[in-house]
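Remarks on the structure that follows.
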Amino acid sequence: MAAFPDPDDLLPLAVATFHILVAVADQDRHGYAIMQDVATRTNGALKLSPGTLYGSIRRMLDDGLIVELSDRQRPEEDDERRRYYRITPFGRSVAQAEAARLATLLRQAKAVGLAPGRA
Amino acid sequence: MSRSRIGERVYRQLLRLYPRDFSDDYAEEMTRLYRDRARVEGASVWVALVADLARTAPSEQLSTLVQDVRHAWRTWRRTPVLAFAAILTLALGVGANTAVFSVVHGVLLRPLPYPGADRLVEVFEDNSRAGGGPFFRVSLLNYLSWVERARSFEALAAFNGRDFTLTEHGDPERVLGSAVTASLFKVLGVGPIAGRPLTEEDEKPGAAPVALLAESLWARGFGGDSAILGRTITLNGVRHQVIGIVPTGFREIGRTQIGSAGAGQIFIPLTMDTAQNRGNHTLRVIGRLGHQVSLDQARDDMRRLAATMENEFPATNRNWSVWIERPQYSMFDPRVRVSLLVLLGAVGGVLLIACANVANLVLARATGRQRELALRAALGARPARLARQLLTENISLALISGACGLTVAGLSMQALRALIPATIPRVDEIRLDGTVLFFGLFITTACGVFFGMAPAFRSARSSLLPALTQNGKGAIGPSHQRWRHGLVIAQTALATMLVVVAALLLQSLVRLQRVPLGFEPGGVLIARVSTPQARYPDGPAMLEFQQRLLRSVETLPSVQAAGFMTSAPLAPGVRRTVTVRDRATAGMSVEAQASALEQVVSPRLFRALGVPLLAGRVFGPQDQAGSPLVAIVSEGLARRLWANMAAVGRFLEFDGRSHEIVGVVGDTRGSDGTARGGGLDRDPQPVLYISSAQFPQATASLVIRTDATLRATLPAIRDVVREIEPTLPIPDLRPLGDWIADSAAPPRLTTTLAGAFACAALFLTVVGIYGVMAYSVSQRTQEIGVRVAMGARRISVVWLVLRSGMTWAAGGIVLGLIGAWSISRVVSTLLFDVSATDPLTFALTALVLTGVAVLACTVPALRATHVDPVIALRGD
């Protein structure tokens, strides 16, 4: 397989992509769980619809940001045989790069008084 | 069924909007997600779902397409030579087709630039029953009768070409134009862009002379200044008031002059001089059909009217009917239309052959990729997905070829425009417009689908096992072979047809250029000369001026003879057809009567043009204005009137006068009275010569026989003209040979292009047959190896390959000959003195194609003899 590209090449990430990476950063989740997680974290402001969610998942799989778990790797309590997704080390470094980019942006916004808090 | 179950079903159906592999992968999960959300949110979830679907389904489709195109790009890059060969072949095919189509579209299909142009028609007098053909000009009196009595037209208009001498800026200038009826504006639906149109008052004899200028002349000669309106300009020495400017679209009228490429620049009213003879066919007539009137209805209506008029005016109208044609067709020779369509067919044939070759390449490549495809199928790729991908590969190849093809078309269109004789109308309207681009795109896509589908279907149905076990080779089944052999047959057949047509056209052209003309064009120079009417207002003055001009020209050392005639053969000029009859039979039940082209000539014209005197004498000094009227007839006219009996001494009646025949001269080609003039291929028409001393004419063709070149003669002639008459424009002398070459230009162009297409077809067919046979030999290596191991001799191996190849090629040749025979009726309209089913041509073509096919098979056959049985049997 070809070497992974520089994480910066994928920036900026689409909003949905970043949210999905955040959702699977601490634990493996299936589609519905990702959607719920995103909705909870955004207080219901962002509800990923099926097309957006799975369209993003497919591209993230192609880009190597996440992987789909095999049957053996699934949590045992799941009886619906859903598909679970796990973040890859490359996915993690891309998410970190995006977070850093956003942090820089926020810092600059604060410095000119566009955001609450101090620079 | 519960409401949630129905919702789930609907959602599942909607998921089909996504690409197949996407919905195959995620439909299950997405439905589950729907179910989870519907449980919580109820029916309101649909608002988000529909918006989501509308946004993401198209983008997923697009991303699959992008993926396929990327994949296509990668796979084509793995076989660059093959891709290059395919693109080159298709680009040339598409380019040539688009270029030829652009000509057909610009010249034939694009409507004329007038509102409601589909209702415009040109009306002719039809002399077919007397053997003269359907495209004669119309007499003024017949035109006026039609205007009064015809029911099919909203309006009719008449016009004829005029030469004008414009003396406005220093040197007098010769400008082409037309005399037109006021109704022309109504018929065309186009008014002046400035000033006023003509009115019926302007047409009355004795009305104040007025003129309209074409936009281009207005801009060029008068700086586009509207102050010219109301002012007067000098045309042929007479002051004309400029009353209006007509738009460029009007040029079509100027163009319809015989043999004239130049656009009409000046329009004056056609004077309704009703004292003319009804048999005097000088006008072109166009009409606008009434609403709801079809072309056929108008033809019926006018034929009935013509039959009535035949009874009313038997002396002039007997055997004359009416023919109506759409102007796109009537503007030029119908053979131009046929040749353009034949060329379109020929170039389409080349494209089909090119497609067959590319299909072969793609098939061979698909066979080679059988393992790859089988492997991907084994890994879970669905057949439809693979087929879609192959189709994308081929269509993207076709589109690249198409883009290159349009470039080729653009370039070759430049060349075509230069090649097309200027005498074909609307050549400057040939361009790459939307319709032409659409045509190019359409044939490109059609090609892609044509050669892309076959392998796509094949691979979709291919079975996995043989492909994986037999190293890809065994995977080609008999149906694959059938495809390839079918392609060989089809392209050989097409190539055969093209070669037959090209060979027939070539023979026809050679014969056309060798046809005896009846005159000697070598060293003859021609120009139209209009006598300045203001300075020479009456007949005797005009005659005196013309005689003085001829005498001075003849004093030049390089000039052998000079003369005037109404219009030189195959060159522009006025053509007037008259009906003549033998005075001795006048009023009898069976009159000796014929139609003939009237030529008013000066005595030494026959010498200047090189027309032989067969009996009697030519005109001489004794034939003066007051002396007995005389005439000279062409051999054909004499034969038509009196068979083999002597003509000299008989009397002819026409235009209500009686002329004694004093001589008989040879027939000449290119002189007939049809509106478009005669071509080289038309049999010589009867000609009646009368003396310019007895019937002076203001405008005529000056014919000079010289032994020097045009360039050497021109300055001397210019000096003579300046000395005799400074207001006369310098004659625009041109070798008669050039006019003759112009008249043969359309067939020469057709032949050149058809020949080029036939060569391309032959070349592509050789490549195609070679490709199939080489491939077939490589597939049969083992079989041939066995044969060699069993002691087969070389010659029998060669024969084995040759026989299989030649069987298919022979089938194609036979089919092609049948095809050529079946289109012979169309082709025959383009041929001169050659039968469209000429057995020798057919036989020679079959021989050439056989030779070509043998050549194409020989290399693979010889290669087969080098098969080493040991290596072949060991397998790969």
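So the sequence lines, in the order shown, correspond to chains B and D.
Be aware that the first sequence starts at 591, since it is given in our numbering, and climbs by one per residue.
Be aware that the second sequence starts at 661, since it is given in our numbering, and climbs by one per residue.
The beta-carbon is built from N, C-alpha and C at its ideal position, and this holds for glycine as well.
Checklist line | Cβ separation of D/Ile1080 and D/Leu1409, assumed to be a contact under 8 Å, to the nearest whole Å | finding: Contact between D/Ile1080 and D/Leu1409 holds: their C-beta atoms lie close to 6 Å from each other, under 8 Å.
Next item on the list: Output the boundary residues of the alpha helix (DSSP H) element that contains D/Ile1483.
Entry: D/Ile1483 -> no alpha helix (DSSP H), and no H or E assigned at all.
Check: Taking only runs of the beta strand (DSSP E) that begin and end inside the stretch 1155-1242 of chain D, which ones reach a length of at least 3 residues, in chain order?
Finding: Those beta strand (DSSP E) runs which fall completely within the stretch 1155-1242 of chain D and span 3+ residues are 1184-1190, 1219-1225 and 1236-1242.
Check: Would the C-beta of D/Asn1054 count as close to the ligand SAH, meaning under 8 Å from any of its heavy atoms?
Finding: The model on display carries no ligand, and the ligand SAH is accordingly not part of it.
Check: Given a threshold of 16 other Cβ atoms within 10 Å of its Cβ, counted over all protein chains shown, does D/Pro1520 qualify as buried or as exposed?
Finding: Around the C-beta of D/Pro1520, 16 or more other C-beta atoms lie within 10 Å, and the residue is accordingly described as buried.
Note to self: Is it buried or exposed, D/Met1450, if we count other Cβ atoms within 10 angstroms and call 16 or more buried?
What the structure shows: Around the beta carbon of D/Met1450, fewer than 16 other beta carbons sit within 10 angstroms, so the residue counts as exposed.
Notebook entry, point to check: Quick one, which of D/Thr1510, D/Val1213 and D/Gly1280 has its alpha-carbon nearest D/Val1159's?
Noted result: Ranking D/Thr1510, D/Val1213 and D/Gly1280 by Cα distance to D/Val1159 puts D/Thr1510 first.
Note to self: Against chain D, does B/Met625 count as a neighbour if the rule is that its beta carbon must be under 9 Å from one of theirs?
What the structure shows: So, interface residue.
Checklist line | Closer than 7 Å at the beta carbon, the chain B residues around D/Asp712 | finding: Around D/Asp712, the beta-carbon contacts reaching into chain B at under 7 Å are Ser639, Pro640, Gly641 and Thr642.
Next item on the list: Could you name the residues that DSSP lists as bridge partners for D/Leu1312?
Entry: D/Leu1312 is bridged to D/Asp1242 and D/His1319.
Next item on the list: Assign D/Leu1125 to one of two classes, buried (16 or more other C-beta atoms within 10 Å of its C-beta) or exposed (fewer than that).
Entry: Low local confidence applies: a pLDDT of 48 at D/Leu1125 is under 50, so the model's placement there is unreliable, with the coordinate-based value given in what follows. Result: exposed.
Checklist line | Identified DSSP bridge partners for D/Glu782 | finding: DSSP, once it has assigned bridges, lists D/Ile946 and D/Glu985 as partnering D/Glu782.
Notebook entry, point to check: Would you call D/Ile1531 buried or exposed, if buried means 16 or more other Cβ atoms sit within 10 Å of its Cβ?
Noted result: With fewer than 16 neighbouring CB atoms inside 10 Å of its own CB, D/Ile1531 falls in the exposed class.
Notebook entry, point to check: According to DSSP, which residues form a beta bridge with B/Glu658?
Noted result: Assignment of beta-bridge partners to B/Glu658 by DSSP yields B/Tyr675.
Next item on the list: Taking 9 Å as the cut-off, decide whether the C-beta atoms of D/Gly1008 and D/Leu1165 are in contact.
Entry: It is not a contact, given that the beta carbons lie outside the stated cut-off.
Checklist line | Minimum Cβ-Cβ distance from D/Glu689 to chain B less than 9 Å | finding: It does: the Cβ of D/Glu689 has a partner Cβ on chain B nearer than 9 Å.
Margin query: For D/Ala1202 and D/Val1363, which I take to be in contact (beta-carbon distance under 8 Å), what is that distance rounded to the nearest angstrom?
Written below: Going by the sequence as given, residue 1202 of chain D is Met instead of Ala. No, D/Met1202 and D/Val1363 are not in contact; Cβ-Cβ is about 17 Å, not under 8 Å.
Item checked: Reference B/Glu658; option with closest CA among B/Asp652, B/Tyr674 and B/Gly645 -> When only C-alpha atoms are compared, the closest one is B/Tyr674.
Notebook entry, point to check: Between the stretch 1344-1360 of chain D and the stretch 1182-1197 of chain D, do three or more beta carbon pairs fall short of 8 Å?
Noted result: These segments touch.
Note to self: Using a Cβ-Cβ cutoff of less than 6 Å, which residues in the same chain neighbour B/Pro706 once the five nearest sequence positions on both sides are dropped?
What the structure shows: Closer than 6 Å at the Cβ level, and outside the excluded window around B/Pro706, lies no residue.
Note to self: So, for D/Val1260: in the same chain, excluding its five sequence neighbours on each side, which residues have a beta-carbon less than 6 Å away from its beta-carbon?
What the structure shows: Thr1226, Ile1350, Ser1352, Phe1355 and Gln1357.
Margin query: Would the stretch 1280-1290 of chain D count as touching the stretch 1205-1217 of chain D if we require 3 or more Cβ pairs under 8 Å?
Written below: Judged by Cβ distances under 8 Å, the stretch 1280-1290 of chain D makes no contact with the stretch 1205-1217 of chain D, as fewer than three pairs qualify.
Next item on the list: Would you tell me roughly how many angstroms separate the C-alpha atoms of D/Arg676 and D/Arg1029, rounded to the nearest one?
Entry: In this model, D/Arg676 and D/Arg1029 are separated by some 30 Å (Cα to Cα).
Check: Taking 9 Å as the CB-CB limit, is D/Ala708 close to chain B?
Finding: Judged by the 9 Å Cβ criterion, D/Ala708 is in contact with chain B.
Notebook entry, point to check: What are the partner residues of D/Glu1258, as DSSP defines its beta bridges?
Noted result: D/Glu1258 pairs with D/Arg1236 and D/Leu1348.
Notebook entry, point to check: Along chain B, which residues have their Cβ under 8 Å away from the Cβ of D/Ala717?
Noted result: Gly641, listed in chain order.
Next item on the list: Would you kindly report the start and end of the unbroken beta strand (DSSP E) that includes D/Glu814?
Entry: Looking at the DSSP string, the run of the beta strand (DSSP E) that includes D/Glu814 is Phe813 to Leu826.
Check: Between D/Thr1152 and D/Gly1471, is the Cβ-Cβ spacing less than 9 Å?
Finding: The answer is yes: Cβ separation under 9 Å.
Notebook entry, point to check: Taking only runs of the beta strand (DSSP E) that begin and end inside the stretch 717-781 of chain D, which ones reach a length of at least 3 residues, in chain order?
Noted result: Annotation note: the stretch 717-781 of chain D contains no uninterrupted beta strand (DSSP E) run of length 3 or greater.
Next item on the list: Indicate the three-state DSSP secondary structure (helix, strand or coil) for D/Ala698 in the structure shown.
Entry: Under the three-state reduction of DSSP output, D/Ala698 falls in the helix class.
Check: When the Cα atoms are used, what is the spatial distance from D/Ala1335 to D/Ile1384?
Finding: Per-residue confidence for D/Ala1335 stands at a pLDDT of 44, beneath the threshold of 50, marking its modelled position as unreliable; the derived number appears in the next sentence. Each residue's alpha carbon lies about 34 Å from the other.
Notebook entry, point to check: In three-state terms, what does DSSP make of D/Gly914?
Noted result: Per-residue confidence for D/Gly914 stands at a pLDDT of 43, beneath the threshold of 50, marking its modelled position as unreliable; no derived number is given.
Next item on the list: Name, please, each residue of chain D whose Cβ falls closer than 9 Å to the Cβ of B/Arg648.
Entry: In chain order: Phe682, Asp685, Tyr686, Glu720 and Ser723.
Note to self: Considering only DSSP beta bridges, list what D/Leu1374 is partnered with.
What the structure shows: Note: D/Leu1374 is not bridge-paired with any residue in the DSSP secondary-structure output.
Notebook entry, point to check: To which residues does DSSP link D/Glu833 through a beta bridge?
Noted result: Bridge partners of D/Glu833 according to DSSP: D/Leu826.
Notebook entry, point to check: Hey, D/Phe1266 and D/Val1325: beta-carbon distance below 9 Å or not?
Noted result: Result yes, Cβ atoms of D/Phe1266 and D/Val1325 sit closer than 9 Å.
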